[in-house]
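Residue numbers (the working numbering), protein chains in the order written: chain X, 1 to 340; chain Y, 1 to 340. Ideal Cβ placement from N, Cα and C applies to all residues, glycine included. Nothing here was measured: the structure is a model prediction, and the numbers come from that model. Below is one structure; the comments refer to it alone.
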DNA sequence: TGCCCTAGCGTAAGCGCTTACATCAGATTC
DNA sequence: GAATCTGATGTAAGCGCTTACGCTAGGGCA
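This is how it looks when you write it as C-alpha cells:
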C-alpha cells in the first residue's frame, strides 16, 4: 500500500539506517550490544520515521510485554482507587505499564477480563480477593502468568496475597461497639456470595457478638450492593423493624455513608440515637458529618508493595510470598455509647 | 518443550480435531462458514485443551483487537469513574474490551500511555479534553487509530468530541452567584496549564464577572491540584486575605469539598458567612453538609454515547461526529445570598 | 607471522494467527 | 452425462518482531 503514509516497521527503520533488523532490535532492547556510531544512526531513523514498536509482535517473539493487568470489582467508588494509583506509580518506576479492567462485582465478567488481559500478553495479574472459580487459577498456572491476590490475607490459603485480615479487623471494631454498650446491633453487609472480604467481615462481627454472649441470631443482617443508595435503603429497612438496633455496622464506608444519609433524612441523630460504623477509611469517611468510625486500611502501602512483589514474581525473583498488613481503627464521631 | 503442559495453540486444536488451522480460525471468527458437524468437533477440542487465542498474534494478523483504550487523568476521585463505568458497559455490550490507564494529570505520562495502548493494539482511544501536544493527534492519525475527546466540547475544534461546554456551564453558575448579590468572589481553579477544561471554567467565571461590571482583576484566583487537601489549603489562604470574599467558586467538587471542610475548621458558616460552589455533581456533592451547589454533568450518558460513537468510528460507520451534552445547575445549600 | 578470540552485525527461523486462493466433492442445470 | 456452480475445507503466505547462530575483521598473544 501507499508507502508514504503507512505505519513504519522495524524493517523500515533498518532500511533507512542501512542496517539489519536485528541491529535495530538490539538498539532498542540491548543498546550496549551495538557500537555507538551505528546506534546513533539507528536512533535517528527511529525518530525521523516516528517508529514505535508493535507490542503484539514483540510479545509474540519475546514472550514478554512489561504489562501488568489488574481486575478490580469497580471503579465507581474510591475503595480501590487509592491503592491502585500507588500500584501504578510503583509499576511505572519499574518500567511496567498497568492496564485496568473492572468486573462490576460479577464473577463471569471477572473471568472474561482475566482471559482478555492474559490473551493480550499481561505478564502478571493483580486480583482482588481470593474467591473465584479454581479453574481460573489453574488457567493462570498453565499459562504461567503469576497472579497476586490483594485486599485480603488469609493464613489458610497458600496463594500469594497482600492484604489484611478482614475477619480480625471487623472483629476488633465489633468489640469496640460492644464495649460501648450496644446490644442490639444490625449489619449492612456487602453481598457475601463470591466475595470473601464481605464474608470475612460479616463473620468477624458474628464472632465478636457470640463471644460477648449475645445470640448471633439476633443480629439483623441485610446484604446490599456497595452503593450509597443501597446502603440508605438497607438502613431505612432496618430502622423500620420493631426492634430497632442502637448500632448499625456496615460492610464498608460507602454503605455507611448511605446509612448516615438516610439517618439524617429520618431525623435520627448519629450517634445519639444510633451509631454507624464503616470499613476502609476512604476519604469520604472523614468528610461526612458526623465523621465515620471505621477501619483504616493502608491502601497506598498495599498498592506499592503489591507492585514490588508482583514484579518480582514476573521476573522470577520471587515465587510469590504473602504479606499481611495491619489495619487499625479510626474512632470518630459516628460511634458513641449505646443510648440508655 | 514439554508438550504436556505448554500453552495450547490454534495448531494444537486443529491437530486434535483433525482439521486445518484455517478451519479452527473460522470456527472462532466466522462460525457460519463451517458446517455444524466439524464446528462441534472443533469446539470440543477447544474446550478440552482450554485453548484461548493469543491476541498479539491475532492483532498482528487481523489488525483488529476489539480493544478500546481510555486514558484518564486520575482514578483517585470519582470525576471520571461513573462515566467510565457506563462507557465500559456499553463497550462490553458491543463486544469490546476496555483497558484503562491513568496519567496523573501529567502530559508526558499521558503521551506514554497513549503510545502504550496503541502499541498494544487498541482499536480506538478515549481521551479526556482537547489540550495536548498536536504531535499526538498526528501520531494517532498516521496509525489510523480513531480517538474521541470526552468531558469537553468546543465548536472551535474539529476533533470528534463528546461533552459539554465548560465555559458556558461555569458562566451560568457564576451568574447565579452574582444574582445572589456576591461581589467579592474568589476562585479555586484546577491547574489550567495543559487542561482546557479548567481553563474554560475559569474563563467562564471571569466573563460573567466582567459582564456584571465588576473588574475581573478583583477576582482572587488560586490554582490548585484536584485534591481535597489542596482545596482546603487554598481556601485557608483565601480566607486569610484582607478582603475576604463572600463566595468561593471551585473548579470542581473535590476542591469545593476541601473548601467546605476548611470552612468548618475555621468556624465559618456556609452559606451564611461564605458561599461555596463546585462543578461535576459527583456523589460527594450531595453527601457533604451543607450539600454543594454545583453543575451537574450527565456522566453516564456521556460515557454511553462515547462508547457508541467510538465503536462507530472504529468500524468506519462514522468519521467522528461531535456531540454536545447539556449540563445543568444544582442549587443546593452551600450557596446563599451574600451577607449584607 | 600465524592462530585464536571477540566485538559487531547480518541471516533467517520462528512466534500464533488470519485470509486469499486453491482444491474438491457434490448438487444443479440443460 | 457433461458442464457449471457452490459450499466446505486445506494450503501457505505473511503480520512485525526477537534471537540463536554464523560470519568477518581486527586485536592480542606466543
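Identified DSSP bridge partners for residue i
i	result
residue 296 of chain X	X/280, X/328
residue 161 of chain X	X/149
residue 185 of chain X	X/247
residue 124 of chain Y	Y/68
residue 303 of chain X	According to DSSP, which records beta bridges pairwise, residue 303 of chain X is partnered with nothing at all.
residue 102 of chain X	X/72
residue 323 of chain X	X/162
residue 194 of chain Y	Paired residues: none, contrary to the question.
residue 97 of chain X	X/67
Spatial distance of residue i from residue j (CA atoms)
i	j	result
residue 99 of chain Y	residue 48 of chain Y	29 Å
residue 152 of chain X	residue 164 of chain X	5 Å
residue 18 of chain X	residue 39 of chain X	11 Å
residue 148 of chain Y	residue 94 of chain Y	17 Å
residue 356 of chain Y	residue 146 of chain Y	Limits of chain Y in this structure are 1 at one end and 340 at the other, which puts residue 356 of chain Y out of reach.
residue 150 of chain Y	residue 102 of chain Y	15 Å
residue 242 of chain X	residue 175 of chain X	25 Å
residue 180 of chain Y	residue 331 of chain Y	12 Å
residue 2 of chain X	residue 8 of chain X	Summary for residue 2 of chain X: the model assigns pLDDT 35, below 50, so the residue's position carries little reliability, and this model does not support an answer.
residue 279 of chain X	residue 315 of chain Y	44 Å
residue 65 of chain Y	residue 202 of chain X	42 Å
residue 34 of chain X	residue 12 of chain X	19 Å
residue 158 of chain X	residue 326 of chain X	19 Å
residue 87 of chain X	residue 143 of chain Y	30 Å
residue 135 of chain Y	residue 198 of chain Y	22 Å
residue 227 of chain X	residue 23 of chain Y	47 Å
residue 342 of chain X	residue 214 of chain X	Residue 342 of chain X is absent from the structure shown; chain X starts at 1 and stops at 340.
residue 41 of chain Y	residue 30 of chain Y	15 Å
residue 255 of chain X	residue 140 of chain X	33 Å
residue 133 of chain X	residue 114 of chain X	12 Å
residue 173 of chain X	residue 294 of chain X	8 Å
residue 320 of chain X	residue 307 of chain X	12 Å
Three-way DSSP call (helix, strand, coil) for residue i in this model
i	result
residue 220 of chain Y	strand
residue 18 of chain Y	coil
residue 204 of chain Y	helix
residue 37 of chain X	helix
residue 275 of chain X	strand
residue 225 of chain X	coil
residue 9 of chain X	coil
residue 51 of chain Y	coil
residue 60 of chain X	helix
residue 113 of chain Y	helix
residue 235 of chain X	helix
Minimum Cβ-Cβ distance from residue i to chain X less than 8 Å
i	result
residue 265 of chain Y	no
residue 59 of chain Y	yes
residue 248 of chain Y	no
residue 154 of chain Y	no
residue 101 of chain Y	yes
residue 75 of chain Y	yes
residue 23 of chain Y	no
residue 268 of chain Y	no
residue 257 of chain Y	yes
residue 1 of chain Y	In this predicted model, residue 1 of chain Y has a pLDDT of only 31, less than 50, meaning its place in the structure is not dependable; the value taken from the coordinates is given anyway. Residue 1 of chain Y does not count as touching chain X.
Cβ of residue i within 8 Å of any chain Y Cβ
i	result
residue 148 of chain X	no
residue 190 of chain X	no
residue 293 of chain X	no
residue 333 of chain X	no
residue 127 of chain X	no
residue 309 of chain X	no
residue 82 of chain X	yes
residue 90 of chain X	no
residue 97 of chain X	yes
residue 201 of chain X	no
residue 78 of chain X	yes
residue 321 of chain X	no
residue 283 of chain X	yes
Select from the segment 30-57 of chain Y all residues with a C-beta closer than 9 Å to any C-beta belonging to chain X, and list them in chain order.
Cβ contacts with chain X: 50, 52, 53, 54, 55, 56, 57.
Short-range partners of chain X found in the segment 205-234 of chain Y, where Cβ spacing is below 7 Å:
Considering only beta carbons, the part of the segment 205-234 of chain Y lying closer than 7 Å to chain X consists of 228, in chain order.
Interfacial residues, the segment 109-128 of chain Y to chain X, with Cβ spacing under 9 Å:
Listed in sequence order: 109, 112, 113, 115, 116, 117, 118, 119, 120, 121.
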